[in-house]
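What follows is a short report on a single structure.
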Amino acid sequence: MGISTITASRIYDGQSKGGKGEENSLVFEYAPYLALSKTYSVDQQTPDSAPTMTAMVTGVKTIGDSLSVNHYVAHSELNANVVDTNKLTTILEQAKSNGMSAGVVSTARITHATPAATYAHTANRDWETDSNRPAGATVPDIAAQLVDFSVTGGIDVALGGGRTYFLPNTATDPEYGVAGKRKDGRNLTTDWLKKTNSKYVWNKADFDAIDPNATDHLLGLFEPSHVHYEVDRLTHDKAGEPSLTDMTTKAIDILKKNPNGYFLMVEGGRIDHAHHSGNAYRALTETQQLSAAVLAAIKKTDPKDTLIIVTADHSHVFTIGGYPQRGNPILGLTQGVGATTPDLDMLGLPYTTLNYANGTGYTGASNAQPAGTKSFNEAKGPWASGSEGHNPTSYSPANGRPVLTSALVTNPDYLQEASIPLNSETHAAEDVAIFAYGPKAHLFHGIVEQNVIYHVMAEALGFAK
Ligand SMILES: [Zn+2]
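The working numbering puts the sequence shown at residues 4 to 468.
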């Protein structure tokens, strides 16, 4: 959620409410304190989500793909003892050790890099389930680390996707019938139920039926992999699943029962996924949903005792360009001040305001984006499984641009043009914003290293290390 994503989402949100858009603000833009975050990791100029979230939750930068272990651990270290010796204590672990409650909420798999950095220690973010690990690995997989997390009764709330990572390969998924991924025979959803006052839910009806006052440990896994994009959630999901706002609200209602307080991590994880797929529409609408979740959190808390931080782990190569006039549809063709037709490039062709420097929307010599190959396809997208791809595939050489129409570019599945063909649009290296409300929020000012976020949280919670 880089700055360009926030600006474009603010305009989209304003236009979807009938305004010109530019004057609108997302909820978290009203935060009184702001800083910029330098996101590089120990070995990456442009980082992935593993070391960036590690920096935020441990105060220490590490190498790419590593989750809450220091940079002395080699990438993909197999030996659990080496990982254990070099693990970094997380703010979530400290919260639990100090008698507080703790939760993680995401629209990605709950074992994906960002949520995983809060509770797991491993030098390969892809080891989300045991069958993903190479032979000889003694480091436990991430799903097992979530359920086996034992500090003061374990994690209290975990809501998101990734159900098959918790189920044995002898079991079938209750919603889609696909096989579980675990080869160790464990069913982690039933292991979760060994906790006191615990519940496991996998659909919206069961989720809605959870009484926060009668439930102390809640595991909710609503899809085999990532949950649906917000705009697809109601139409595409078989058994129904809660929104990011629904999950945030339920999590706070369970966690706030603890008089010692709580730590909660909420991730709008699919903003990133939509960008990787080259689809601005879903990136903007996911950002709108994150804004709604922040509003729900603000309504449920008091800035006198609760620090709320909104930030991104990294940016994306997403730009807002041309000279569109005030109120020009943000997803539309660029049309200048006073113009009645779209602005034209040096080839005499119209262009959009939103574009990507690289990614799946590369069109090369074609004069259109043929359906099925250049439009958004969740099932075939680079994010259907696996980790963050950086591998270019072969495309025909560029010698032209597509002929775009307003109808084409405002289609929800349109992929904005990209200059360089990659099968997954990439992250970007520029600073991201940190917005903050509440105790110690004033410590955020200027340009800070990303790991400063941990230190502000530790200061606010009274356990700076
Ligand atoms: Zn990413």
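Note that the Cβ used here is the ideal one computed from N, Cα and C, for glycine as well.
The structure presented is a predicted model; accordingly, all values stated were derived computationally and were not measured.
Contact test: Asp275 Cβ vs ligand 1 heavy atom, cutoff 6 Å: yes
Rounded C-alpha distance that separates His74 from Thr88: 12 Å
Spatial distance of Met4 from Val435 (CA atoms): Approximately 8 Å between the Cα atoms of the pair.
Boundaries of the alpha helix (DSSP H) in which Lys207 is found, first to last residue: Unbroken alpha helix (DSSP H) run through Lys207: 207 to 212.
C-alpha gap between Pro395 and Ala360, whole angstroms: Bear in mind that the predicted position of Pro395 carries a pLDDT of just 34, short of 50, making it too unreliable to give a figure here.
Cutoff 7 Å: Ala212 Cβ touching any chain D Cβ: Of the protein chains in the structure, only one exists, and it is not chain D.
Where Val108 falls, given that 16 or more other Cβ within 10 Å makes a residue buried: buried
Run of the beta strand (DSSP E) containing Val435, from where it starts to where it stops: 435 to 440
Tyr179 in three-state terms, based on DSSP: The DSSP-derived three-state label of Tyr179 is coil.
For Ile113, three-class secondary structure by DSSP: Look at Ile113 here: in three-state DSSP terms it is coil, with no helix or strand label.
Alpha-carbon to alpha-carbon, Pro345 and Gln338: For Gln338 and Pro345, the distance between alpha carbons rounds to 4 Å.
DSSP-derived helix/strand/coil call for Tyr326: coil
Stretch pair the segment 325 to 338 + the segment 15 to 24: three plus CB contacts closer than 8 Å: In short, these stretches touch, since the Cβ pair count reaches three.
Own chain residues within Cβ distance below 7 Å of Leu196, not counting five before or after: The residues are Tyr203.
Distance, Leu411 Cα to Ala126 Cα: Distance between the alpha carbons of Ala126 and Leu411 is about 43 Å.
Environment of Val30 [buried if 16+ CB atoms lie within 10 Å]: buried
Cβ-based burial, Arg136 [other Cβ within 10 Å; buried from 16]: A residue is called buried once 16 or more other Cβ atoms fall within 10 Å of its Cβ, and Arg136 is buried on that count.
Inter-stretch contact (C-beta, 8 Å, three-pair minimum) for the segment 224 to 243 and the segment 161 to 180: yes
Three or more C-beta pairs below 8 Å linking the segment 441 to 454 and the segment 340 to 357: no
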